[in-house]
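Undergrad: Got a structure here, written out as structure tokens. Questions coming.
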Amino acid sequence: MASRALLAVISASPNRCFISSSWIKIQSSSSSSSLSLHLQRHSRKIQLIGRSYSSETKSSEFQPPDVSSLAETARISLTPAEVEECETKIRRVIDWFGQLQQVDVNSVEPSIRAEMEGGNLREDAPETFENSESIRASIPSFEEAYLKVPKILNKE
Amino acid sequence: MLSTLQPPRSLSLRRFQTSKLIVSSASSSVTSPPQSQILTTRRSLLSGETTVSEIAKSYLSRIRLTEPQLKCFLHVSENVLKDAQEIDQRIAKGEELGPLAGVIIGVKDNICTQGMPSTAASRILEHYRPPFDATVIKKIKDLGGIVVGKTNMDEFGMGSTTEASAFQVTVNPWDLTRVPGGSSGGSAAAVAARQCMVSLGSDTGGSVRQPASFCGVVGLKPTYGRVSRFGLMAYASSLDVIGCFGSTVADAGMLLHAVSGYDRFDSTSSKQDVPEFQSQFLSVDHFESKPLKGVKVGIIRETLEDGVDSGVRSATQEAASHLEALGCILTEVSLPSFSLGLPAYYVIASSESSSNLSRYDGVRYGNQVMAEELNKLYECSRGEGFGGEVKMRILMGTYALSAGYYDAYYKRAQQVRTLIQKDFKAALEQNDILISPAAPSAAYKIGEKKDDPLAMYAGDIMTVNVNLAGLPAMVLPCGLVEGGPLGLPVGLQMIGAAFDEAKLLKVGHIFEQTLKGSSFVPPLLANIA
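Spelled out as structure tokens, the structure:
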């Protein structure tokens, strides 16, 4: 059974605003019942991304995806229409990921990849690449020895 | 033009069966077993019956004829005839022929080919020409193979239908209103349509095996680490492998042998010896009466439950009976963690892809959208360069890896991966190989799954667990189901223990050579020469 809750999320400070003031519609279904919202108001910031955040956070205490913030982190610009389309789809998928929370993984070691032999690193010695001209040919803005990029503006 | 198209004698096009639709592998007429194109080519060249130039011309003609409909290729090489002439000159001088001499090979567009466009079917790499060859390409060229072109795919490997290409939609040679599967749809369709003899694809969650099933060709996914990933544009580094397509098990196996081996440029590349696969490909005349006597085959129970098309289930059960008739001992096995593989896979794949695709920033290569400020340059170049599915997966991955979420999603998915590996290991201790369908259905109609990501992902259920466990697997056509002008192929998936490709190839080859039924040649080809 699905239930809906309407919640207000208030931005903590104008300068470090991860979530803008808005109503967020939350849908919780039985498949992800372990996902409940943990809301902070006013003095405490709600942090979706980045920064230090206790790794002991219980798996039930996280926000649904905020596509605009995620897009900023991932350095991808999205049109408002894209944000809307993405939001619906991503929330459905993240919801579906929630079933992993039901699995008993107590004392199960995580596997980074398939089992295989380790220690296949080669010597950290530079080798000249013969065809450096073709690497340069791919660079969109190149000015003798430098890749040209626009200035970086610090966000204030 | 049609009347002048002379296929070389090394390529025998069998007349497509016009008998009624079948749902099993038995049919009204017996056809001879499919012949290896690599071996047939070699014999023709050594005997002087044909030249590489003649072969190359014939394939280029077929590509010209069929491409307007199929759209398998993003780029056809301008050097095919020149490469062919070089090999002919070497033959004329009496030089030794490499094992791939004269073999016409398609390459998925996420594998770097020096000087040839390599776009991963993405606008962000639209005009990119790599300065280097992937290790697999270097090996192919050293052994005399000819790269005929770069094949279409889902952008950066993210998709299961090849509809997510930024440039064109490839169609299934069996039914032009259907998808070829994905993400290596172009490579699979090109082999099915005989536009090339064999092709390379990549398999992260089934992207070689599922299109092989949809297109009625053999798709071979090696063990993780068997084939170097150097030069393969990374999607999910712990899951990606380069795989092989062929119209026969022998061809896929010989191509795999050619590209396998340790590579110091890939730190996940294995130092395990690559056995000589060719000894597995005996002629059917030399088979004993029960050539697979004593081979233990486990059929995965969870893959034949609800949600699998009845036609696919029948074809798989018929294939199991065929294996039994060849002497195999069939038992049912259960993999309790099976259904967890799909969400675990998508967490891991989208997380790793969000990291891997951060390199496409418009600064060092690829399309750049100029802006006044650096972050804006990144945002606009990536926003305009990436397609919708790619953007979605990057954002999903960004979410799953965020501080506070990493343990709940990515780490947890890695723990589920351990459970899946354990289940496979236990099953493969009791069995030589495991079998399952390659996909829950045959090829979908174009546009059918495009708007519903979860419906799209559901189609990967049979294949993703194998990537999580890093095991080798092969799909080969085992029957036809209803659909299309004359039926749609479905494939049987065989899964082996790590680095045991030889066993898969042995079982697969014998299965294929003794399978009585329609030949797996799509109707499109019956209209050509």
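Read top to bottom, the protein sequences are chains A and B.
Following numbering that gives the first Met the number 0, the residues of the first sequence are numbered contiguously, the last one being 155.
Following numbering that gives the first Met the number 0, the residues of the second sequence are numbered contiguously, the last one being 528.
Glycine included, C-beta positions come from ideal geometry on N, C-alpha and C.
Any beta carbon of chain B sitting closer than 8 Å to that of alanine 124 (chain A)?
TA: no
Undergrad: Assign glutamine 194 (chain B) to one of three DSSP states: helix, strand, or coil.
TA: coil
Undergrad: Taking contact to mean at least 3 C-beta pairs separated by less than 8 Å, is the region 403 to 410 of chain B in contact with the region 278 to 294 of chain B?
TA: The region 403 to 410 of chain B vs the region 278 to 294 of chain B: no contact.
Undergrad: To be precise: take each residue of the region 83 to 109 of chain A, compare its Cβ to all Cβ atoms of chain B, and keep it if any distance is under 8 Å. Which residues remain?
TA: Glu84, Cys85, Lys88, Ile89, Arg91, Val92, Ile93, Trp95, Phe96, Gln98, Leu99, Gln100, Val102, Val104, Val107, Glu108, Pro109
Undergrad: Rank B:Lys92, B:Leu523, B:Thr513, B:Ala496 by C-alpha distance to the C-alpha of arginine 225 (chain B) and give the top, closest one.
TA: B:Ala496
Undergrad: Please identify the residue among B:Ile299, B:Ser354, B:Leu64, B:Asn171 whose C-alpha is closest to the C-alpha of alanine 425 (chain B).
TA: Of the candidates B:Ile299, B:Ser354, B:Leu64, B:Asn171, the one whose C-alpha sits nearest the C-alpha of alanine 425 (chain B) is B:Ile299.
Undergrad: For serine 268 (chain B), would you say it is in contact with chain A, using Cβ-to-Cβ distances shorter than 8 Å as the test?
TA: With a threshold of 8 Å between beta carbons, serine 268 (chain B) makes contact with chain A.
Undergrad: Closer than 8 Å by beta-carbon distance: list the chain B residues that pair up with proline 64 (chain A), in chain order.
TA: Leu394, Met395, Tyr398
Undergrad: Thinking C-alpha only, which one of B:Leu255, B:Gln413, B:Gly382 is nearest serine 106 (chain A)?
TA: B:Gln413
Undergrad: Please decide whether alanine 80 (chain A) counts as near chain B, where near means a Cβ-Cβ distance under 8 Å.
TA: no
Undergrad: Quick check on threonine 72 (chain A) - is its C-beta less than 8 Å from some C-beta in chain C?
TA: This model lacks chain C altogether; the protein chains it does include are A and B.
Undergrad: For leucine 199 (chain B), count neighbouring C-beta atoms within 10 Å of its own C-beta (all shown protein chains included) and say buried if the count is 16 or more, exposed if not.
TA: That one is buried.
Undergrad: Is there a Cβ from chain B that is less than 8 Å from the Cβ of alanine 113 (chain A)?
TA: yes
Undergrad: Starting from methionine 369 (chain B) and walking both ways along the alpha helix (DSSP H), at which residues does that stretch end?
TA: That residue, methionine 369 (chain B), is in no alpha helix (DSSP H); it is neither H nor E in DSSP.
Undergrad: Which chain A residues sit within Cβ distance under 7 Å of threonine 417 (chain B)?
TA: Val107, Glu108, Pro109, Ser110
Undergrad: How would you list, in chain order, the residues of chain A whose beta-carbon sits under 7 Å from the beta-carbon of glycine 382 (chain B)?
TA: Residues of chain A passing the Cβ test: Ile75, Ser76, Leu77.
Undergrad: List, in chain order, every chain A residue whose beta-carbon is nearer than 9 Å to that of glutamine 592 (chain B).
TA: Residue coverage of chain B in this structure runs from 0 to 528, which leaves residue 592 (chain B) outside it and unanswerable.
Undergrad: Pull out every residue of the region 365 to 379 of chain B whose Cβ sits closer than 8 Å to any Cβ of chain A, in chain order.
TA: Gly365, Asn366, Gln367, Met369, Ala370, Glu371, Glu372, Leu373, Asn374, Lys375, Leu376, Tyr377, Glu378, Cys379: these are the residues of the region 365 to 379 of chain B whose beta carbon lies less than 8 Å from some beta carbon of chain A, given in chain order.
Undergrad: I want to know whether the region 167 to 182 of chain B touches the region 199 to 213 of chain B - three or more CB-CB distances under 8 Å.
TA: yes
Undergrad: To the nearest angstrom, how far is it from the Cα of valine 531 (chain B) to the Cα of glutamate 94 (chain B)?
TA: The structure shown does not extend to residue 531 (chain B), since chain B spans only 0 to 528, so no value can be given for it.
Undergrad: Output the distance between the C-alpha atoms of threonine 397 (chain B) and glutamate 317 (chain B), rounded to the nearest integer angstrom.
TA: 44 Å
Undergrad: Check whether chain B comes within 8 Å of asparagine 153 (chain A), counting only Cβ atoms and requiring the distance to be less than that.
TA: Closer than 8 Å: no.
Undergrad: From phenylalanine 128 (chain A) to valine 102 (chain B), what distance separates their C-alpha atoms?
TA: If I take the Cα positions, the gap works out to 30 Å.
Undergrad: Check threonine 150 (chain B) in the structure and name its three-state DSSP category.
TA: DSSP places threonine 150 (chain B) within a strand segment (E or B) once states are collapsed to three.
Undergrad: Quick one: using the 10 Å Cβ neighbour count with 16 as the cut-off for buried, is alanine 407 (chain B) buried or exposed?
TA: buried
Undergrad: Mind checking whether isoleucine 393 (chain B) and serine 353 (chain B) have CB atoms under 8 Å apart?
TA: yes
Undergrad: Using a Cβ-Cβ cut-off of 8 Å, state whether serine 227 (chain B) counts as contacting chain A.
TA: No, because no Cβ of chain A sits closer than 8 Å to the Cβ of serine 227 (chain B).
Undergrad: Provide the residue span of the alpha helix (DSSP H) that contains histidine 321 (chain B), from first to last.
TA: 309 to 324
Undergrad: Count the other CB atoms, across all protein chains shown, that sit within 10 Å of the CB of isoleucine 151 (chain A); report buried if there are 16 or more and exposed otherwise.
TA: With fewer than 16 other beta carbons inside 10 angstroms of its own, isoleucine 151 (chain A) counts as exposed.
Undergrad: Which chain A residues sit within Cβ distance under 8 Å of phenylalanine 423 (chain B)?
TA: Those within 8 Å of phenylalanine 423 (chain B) in chain A number zero; the least Cβ separation is about 10 Å.
Undergrad: If you draw a straight line from the alpha carbon of valine 296 (chain B) to that of glutamine 429 (chain B), how long is it in whole angstroms?
TA: Counting only the Cα atoms, glutamine 429 (chain B) lies some 9 Å from valine 296 (chain B).
Undergrad: So leucine 339 (chain B) contacts chain A; which residues on that side make the cut at Cβ distance below 9 Å?
TA: Gln98, Leu99, Val102
Undergrad: In three-state terms, what does DSSP make of arginine 90 (chain A)?
TA: helix
Undergrad: How do the region 149 to 156 of chain B and the region 112 to 124 of chain B stand: do at least 3 beta-carbon pairs fall below 8 Å, yes or no?
TA: By the Cβ criterion, the region 149 to 156 of chain B is in contact with the region 112 to 124 of chain B, since at least three pairs of Cβ atoms, one from each stretch, lie closer than 8 Å.
Undergrad: Measure the C-alpha to C-alpha separation of valine 148 (chain A) and glutamate 371 (chain B) and round it to an integer number of angstroms.
TA: Distance from the CA atom of valine 148 (chain A) to the CA atom of glutamate 371 (chain B), rounded to whole angstroms, is 9 Å.
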